[in-house]
Amino acid sequence: MTDFARAAQIIASQCALVRVRRASRALTRLYDDSLRAVGLQSTQLTMLAAVATCGDEGVQLSALADGLVMDRTTLTRNLVPLEKAGLLRVARAPGDARVRIISLTRQGERAIEAAFPLWERTQKHVREQLGESRADALREELGRVVALATRPEKAADPEPTQRRAPTQRKARSGKRKAT
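At position 36 of the sequence shown the residue is numbered 36 (full-length UniProt numbering), and the sequence of numbers has no breaks.
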């Protein structure tokens with residue numbers, strides 16, 4: 001059995017997640033500081049840009065969550081301030097009221113336009129500090145990490161968790177089928 005101190009040392013020194021999270025927080029702070037002048041956070045600009053790249057017809061919430069590698073609940077919570085600020089519109093799909101479509105408003109377009117020079121300056125700084133080839137290599141490697149982490153697993157369980165979730169929710173809410 002490994003003692004906690006040894007386990008913690010190994011995790012802290014070898015874990016890919018620890019390094020990526022630290023790097024993510026450092027870059028987030030750098031971009032957030034730059035974008036503060038236009039009242040956006042880097043995470044918000046990321047969401048606005050993702051929606052903008054989907055075109056005028058918008059994007060389904062589930063597809064946006066997949067593209068951003070975010071849980072739908074977390075994404076929904078993060079979209080609320082952007083919708084309240086008038087930067088995004090969240091509407092029901094015409095053919096299916098259960099589906100939500102996210103689209104960029106004109107105000108959202110202007111927010112991206114205002115943020116772009118600030119983002120561009122910070123991006124240039126990061127690329128200069130890392131070096132062009134290492135910055136490109138890092139971007140490509142991180143893309144491979146995302147692909148590795150989001151690739152569907154071949155589950156040994158014949159009944160995936162998604163199929164059991166409704167039953168679990170009913171049990172938690174106290175609503176059970178009468179027998």
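Where a beta carbon is used, it is the ideal one built from N, C-alpha and C, also for glycine.
The structure displayed is predicted, hence computed values, not measured ones.
CB of residue i within 8 Å of CB of residue j, strictly
{"i": "A114", "j": "V51", "result": "no"}
{"i": "I112", "j": "L30", "result": "no"}
{"i": "L45", "j": "L35", "result": "yes"}
{"i": "L75", "j": "V90", "result": "no"}
{"i": "V126", "j": "A135", "result": "yes"}
Close-in-space but distant-in-sequence residues of the same chain around residue i (CB under 8 Å, 5 per side omitted)
{"i": "V146", "result": "V69"}
{"i": "A12", "result": "V18"}
{"i": "R121", "result": "S34"}
{"i": "L82", "result": "Q44, M47, L48, L88 and G108"}
7 Å CB neighbourhood of residue i in its chain, flanking five on each side removed
{"i": "G67", "result": "A50"}
{"i": "D3", "result": "none"}
{"i": "D33", "result": "none"}
{"i": "K154", "result": "Residue placement at K154 is poorly supported in this model, since its pLDDT is 42, which falls under 50; the coordinates are not used for a value here."}
{"i": "S42", "result": "T28, Y31, D32 and L35"}
{"i": "L130", "result": "L138"}
{"i": "A149", "result": "none"}
Nonlocal neighbours in the same chain, by C-beta distance under 6 Å from residue i, ignoring five residues either side
{"i": "A93", "result": "V99 and I101"}
{"i": "A65", "result": "R72 and L75"}
Item checked: Cβ contact check for the stretch 83-90 and the stretch 101-112: 3 or more pairs under 8 Å -> yes
Next item on the list: Only counting runs of 4 or more residues, tell me where the alpha helix (DSSP H) segments fall wholly within the UniProt domain "HTH marR-type" (13-147), in order along the chain.
Entry: 16-35, 42-52, 61-68, 72-84 and 106-130
Check: Hey, is the stretch 54-62 in contact with the stretch 20-27, meaning 3+ C-beta pairs nearer than 8 Å?
Finding: no
Notebook entry, point to check: If we count Cβ pairs, one from each stretch, closer than 8 Å, do we get three or more for the stretch 59-66 versus the stretch 95-102?
Noted result: yes
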